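>
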Amino acid sequence: MTKLIGTMPDVAVDAPADGPVIAHPKPLLRRVYLKTFGCQMNVYDSERMSEMLSAEGYANTADPADADLVILNTCHIREKAVEKVYSDLGRLRDLKIERQAQGRETIIAVAGCVAQAEGAEIARRAPAVDVVIGPQSYHRLPELADKARQQGRAQIETSFPEDEKFNQLPVRTLGPASDGQAARRPASAFLTVQEGCDKFCTFCVVPYTRGAEYSRPVEKLVDEAHRLVDEGVREITLLGQNVNAYHGEGPDGSHWTLARLMHALADIPALERLRYMTSHPRDIGDDLIAAHRDCSKLMPFLHLPFQAGSDRILAAMNRKHTARDYLALIERIRAVRPDLALSTDVIVGFPGETEAEFDATLAVIRQIGFAQAYSFKYSPRPGTPAATIGEQIPDVVKTERLARLQALLDEQQTAFNAASIGQTIPVLFERIGRGDGQLVGRTPHLQLVHAEATPLLLGRIISVEIRGSGQTSLRGVIKAA
Ligand code: SAH
Ligand code: SF4
Ligand code: F3S
74 MTKLIGTMPD VAVDAPADGP VIAHPKPLLR RVYLKTFGCQ MNVYDSERMS
124 EMLSAEGYAN TADPADADLV ILNTCHIREK AVEKVYSDLG RLRDLKIERQ
174 AQGRETIIAV AGCVAQAEGA EIARRAPAVD VVIGPQSYHR LPELADKARQ
224 QGRAQIETSF PEDEKFNQLP VRTLGPASDG QAARRPASAF LTVQEGCDKF
274 CTFCVVPYTR GAEYSRPVEK LVDEAHRLVD EGVREITLLG QNVNAYHGEG
324 PDGSHWTLAR LMHALADIPA LERLRYMTSH PRDIGDDLIA AHRDCSKLMP
374 FLHLPFQAGS DRILAAMNRK HTARDYLALI ERIRAVRPDL ALSTDVIVGF
424 PGETEAEFDA TLAVIRQIGF AQAYSFKYSP RPGTPAATIG EQIPDVVKTE
474 RLARLQALLD EQQTAFNAAS IGQTIPVLFE RIGRGDGQLV GRTPHLQLVH
524 AEATPLLLGR IISVEIRGSG QTSLRGVIKA A
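So the sequence shown is numbered by the working numbering: it starts at 74 and just counts up by one.
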């Protein structure tokens, strides 16, 4: 996923309706361009970085040619994701040279999981890079950018400091809506509650790039959620690499589970929807299953990766569960929440995967029926055990298996969406659509809905009658505002 963080006005001035124009304490001379790769954790981190930099006097720009500071918040999960970063860095080097010729300086920073995994190697491969900063050190970004500017050499920070970053970054504010309209505030926000991973699946870099599992304390999260809701957020998605391994300290000193945290957040009156991702099948506790029955604000949607359908492959992946365990788990959750929509992650072409083992993956998909899914060709990652075990599967085979897998998943997603036609569904409108007078929102099952509606309905949950469907979205008409 690639996302540009929105632009901000050029000059930061507070202009009270009936008072003098007051300049910010720090003059806004510098601009930052921030590009985000990878998962929602990176999107969340980018938002926090953006807020911090705005407090430091940086204005956002959507044009890298205009930026004094360029940040690539990168992903290391598959080789392709890393290649994209290096090709962007090539283009940015040219831009830096062009700006230099005009007497303008550009600081290029690489943040995120490539920064953590490759460290100083990045500055060696891409000498235009001035700052390499791992995900645990973002609070030090302004200082390192200044240092790079002054010293004229690359600054590398990839340690895992004890004092975790969430305590160092400024408290959240979404900032003033750019045109003063409440309607422009985001209706849906991410909240990272857990970070890192201790599971060490043999294909995966996350335990190396994000470090050991860490859960943020309950009170901090409740505070942050309150602030988001006060600013107009109606839906919060709790994030973590293994979000259901959450075990943060509660106000009573005990360790709270994700379900307990969710019940506490559900008590915030103006918060209407809760979601969580990504979960690991081994950490779905009884109380989380019960929350899908008892917590009315928890949406009937679950993203639960199963990766592969063959038990031999699952064991080689170190997933520590079988296909039957996964199916049984889904059955238990569906028993308490029959309308649950499911999403998953699947990998094809893990080392040694036979045709029969791949068929076992298709069989699980057929048995369950997914509302949506992400599927990937196995990508050997340096330093992970799977990169050197068994026989690597040729790319043509992976491509062919992926195509077959995706055809099945697309068929299931299309059927799932088509089943919504004729229903009236509560939709949370999140943004203005591309079509004339259209808004885009989400159903409880996370389906995208396009409907003609006034922007006044942004940030509100409205009944929509579904009239049409495609593979990735629905079309509807407003029933009641
Ligand atoms: N913590 C989550 C997954 C996080 S990574 C979990 O355990 O389910 C997101 C997804 O990327 C994974 O679910 C997996 O399907 C995919 N992935 C991770 N490493 C990969 C690799 N080396 N090659 C291909 N896909 C990979
Ligand atoms: Fe990666 Fe496995 Fe951890 Fe998920 S559980 S982040 S796939 S090591
Ligand atoms: Fe990528 Fe790091 Fe997320 S490797 S998937 S950005 S945790």
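Where is the CB? At the ideal position from N, CA and C, for every residue including glycine. These numbers come from a predicted model, not from an experiment.
Residue range of the alpha helix (DSSP H) that Leu-165 falls in?
First-last of the alpha helix (DSSP H) with Leu-165: 152-174.
> Round the Cβ separation of Leu-475 and Ser-448 to the nearest angstrom and send it over; I've been treating them as touching at under 8 Å.
Correct: roughly 6 Å between the Cβ atoms.
> Beta-carbon within less than 8 Å of Lys-169's beta-carbon, same chain only, minus the 5 sequence neighbours each way: which residues are those?
Excluding positions up to five away in sequence, the list reads Thr-179, Ile-181, Ala-201.
> Cα separation between Ala-524 and Val-513?
The straight-line gap from Cα to Cα measures roughly 7 Å.
> Taking the beta carbon of Gln-380 as the centre, do at least 16 other beta carbons fall within 10 Å, making it buried, or is it exposed?
Classification for Gln-380: buried.
> Taking three-plus beta-carbon pairs below 8 Å as touching, is the segment 124-133 in contact with the segment 204-221?
The segment 124-133 is in contact with the segment 204-221.
> Are the beta-carbon atoms of Glu-493 and Glu-430 separated by less than 8 Å?
It should be pointed out that residue 493 corresponds to Ser in this sequence rather than to Glu. Not closer than 8 Å, so no.
> Check Tyr-555 in the structure and name its three-state DSSP category.
For residue 555 there is no data in the structure shown, the boundaries of the chain being 74 and 554.
> Output yes or no for whether 8 Å exceeds the beta carbon distance between Ser-261 and Leu-501.
Yes.
> Would the C-beta of His-320 count as close to ligand 1, meaning under 7 Å from any of its heavy atoms?
For ligand 1, not one heavy atom lies less than 7 Å from the Cβ of His-320.
> Pick helix, strand or coil for Glu-129, following the three-state DSSP scheme.
Here Glu-129 sits in coil by DSSP.
> Grouping DSSP H, G and I as helix and E and B as strand, with all else coil, what is Arg-257?
Note that Arg-257 has pLDDT 47, beneath the 50 cutoff, so the model's placement of it is unreliable and the number below is only indicative. Three-state DSSP puts Arg-257 in a helix.
> Can you find the residues in the same chain that come closer than 8 Å, C-beta to C-beta, to Arg-104, ignoring five residues on each side of it along the sequence?
Correct list, in chain order: Tyr-131, Ala-132, Asn-133, Thr-134, Asp-139, Ala-140, Asp-141, Leu-142.
> With DSSP run on the structure shown, which of helix, strand or coil describes Ser-119?
Note: Ser-119 maps to helix in three-state DSSP.
> If Leu-145 sits next to Ser-123, beta carbons under 8 Å apart, how far is it from one beta carbon to the other, in whole angstroms?
About 14 Å separates the two Cβ atoms, so there is no contact after all.
> Nearest by alpha-carbon distance to Ile-462: which of Thr-275, Thr-147, Gly-549, Glu-152 is it?
If we check each option's Cα against that of Ile-462, Thr-275 comes out closest.
> Can you tell me where the alpha helix (DSSP H) with Val-187 in it begins and where it stops?
Run containing Val-187: 185-191, per the alpha helix (DSSP H) assignment.
> Check whether the Cβ of Cys-148 sits closer than 7 Å to any heavy atom of ligand 2, and report yes or no.
It does not: the Cβ of Cys-148 is nowhere closer than 7 Å to a heavy atom of ligand 2.
> Which of helix, strand or coil does DSSP assign to His-320?
Coil.
> Would the C-beta of Tyr-451 count as close to ligand 1, meaning under 7 Å from any of its heavy atoms?
Checking every heavy atom of ligand 1 against the Cβ of Tyr-451, one is found closer than 7 Å.
> Please write down, chain order preserved, every residue whose beta carbon lies under 6 Å from a heavy atom of ligand 2.
Working through the chain, the matches are Cys-270, Lys-272, Phe-273, Cys-274, Cys-277, Val-279, Pro-280, Gln-314, Asn-315, His-353.
> Can you have a look at Ala-285 and say buried or exposed, based on whether 16 or more other CB atoms are within 10 angstroms of its CB?
With fewer than 16 Cβ atoms within 10 Å of its Cβ, Ala-285 is classed as exposed.
> Measuring CA to CA, which of Asn-240, Thr-417, Arg-355, Gly-111 is closest to Ala-188?
Minimum Cα distance to Ala-188 is reached at Gly-111.
> With 16 as the cutoff for other CB atoms within 10 Å, does Thr-75 come out buried or exposed?
Below a pLDDT of 50, predicted positions are generally treated as unreliable, and Thr-75, at 35, falls in that range; the measurement from the model is reported next regardless. By the neighbour-count rule (16 or more Cβ atoms within 10 Å), Thr-75 is not buried but exposed.
> Contact criterion: CB-CB distance below 8 Å. Does Arg-533 meet it with respect to chain D?
The question asks about chain D, but that chain is absent: this structure has only one protein chain.
> What would DSSP say about Pro-290, mapped onto helix, strand or coil?
The answer is coil: DSSP assigns Pro-290 none of H, G, I, E or B.
> Report yes if the C-beta distance between Gly-549 and Arg-307 is below 8 Å; otherwise report no.
Not in contact: Gly-549 and Arg-307 (Cβ atoms no closer than 8 Å).
> If you scan the segment 360-417 from start to end, which runs of the beta strand (DSSP E) of 3 or more residues do you find wholly inside it?
As far as the segment 360-417 is concerned, its whole beta strand (DSSP E) runs of at least 3 residues are 374-376.
> For Phe-443, which of helix, strand or coil comes out of DSSP?
Correct three-state label for Phe-443: coil.
> Relative to ligand 1, is the shortest distance from any of its heavy atoms to the C-beta of Asp-418 smaller than 7 Å?
Answer for Asp-418: yes, Cβ within range of ligand 1.
> Alpha carbon to alpha carbon, how far is Phe-233 from Leu-529?
Roughly 45 Å separates the two Cα atoms.
> Among the candidates Thr-527, Phe-443, Ala-388, whose CA atom is the shortest distance from the CA of Gln-544?
Among Thr-527, Phe-443, Ala-388, the Cα nearest to that of Gln-544 is on Phe-443.
> Quick check on DSSP: helix, strand or coil for Ile-462?
Of the three classes helix, strand and coil, the one that applies to Ile-462 here is coil, per DSSP.
> Name the DSSP beta bridge partners of Tyr-106, please?
The partner list for Tyr-106 (beta bridge, DSSP) reads Val-143.
> From Glu-503 to Asp-509, what does the alpha carbon distance come to, in whole angstroms?
Near 16 Å, if we compare the C-alpha coordinates of Asp-509 and Glu-503.
> For Gln-601, is the beta carbon positioned less than 7 Å from some heavy atom of ligand 1?
Beyond the ends of the chain as shown, which are 74 and 554, falls residue 601; an answer cannot be given.
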